[in-house]
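K.L.:
For the sequence shown, the numbering used here assigns the number 61 to the initial residue and increments by one for each residue that follows.
Positions of the beta carbon are idealized from the N, C-alpha and C atoms, including for glycine.
If you scroll down you'll find the structure; I have some questions about it.
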Amino acid sequence: MNESRDMITVHVNVEITAASLQTIVENVKRIAGHDEKGVYRVDTADKVSEIISQFLFDNDFEGYVKDIANLESSMKAYEEK
């Protein structure tokens with residue numbers, strides 16, 4: 061991610077599919093590997109946060125939120141739930 065920008069951490073609830081979460085956990089475990097006792101020493105919640113943050117950065121979330129139509133659309137969808 062672009063480290064020259066001021067970044068803050070925001071704790072929010074994000075809806076993702078169970079399949080996406082399962083894939084993240086499987087891949088993170090595969091990359092991290094396990095110790096001699098078979099225990100995985102990785103915080104998958106932190107990895108989910110990192111992956112979503114990277115996705116938002118790569119896909120110009122800043123530009124997306126500048127378009128008021130996107131905010132209006134998301135508010136309408138929320139109200140319909």
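If we count Cβ pairs, one from each stretch, closer than 8 Å, do we get three or more for the region 102-114 versus the region 80-89?
P.N.:
Three or more beta-carbon pairs separated by less than 8 Å link the region 102-114 to the region 80-89, which places the two stretches in contact.
K.L.:
Kindly indicate the opening and closing residues of the alpha helix (DSSP H) around G123.
P.N.:
121-126
K.L.:
Check the DSSP bridge columns for Y100 and list the partner residues they point to.
P.N.:
Residue pairing of Y100 in beta bridges, as defined by DSSP: H94.
K.L.:
Smallest Cα separation from A79: which of K97, T69, V108, S134?
P.N.:
V108
K.L.:
Taking V74 as the reference, which of I111, E140, E122, R65 has the closest Cα?
P.N.:
I111
K.L.:
Between Y100 and the rest of its own chain, which residues show a CB-CB distance below 7 Å, the 5 nearest in sequence each way excluded?
P.N.:
K89, A92, H94
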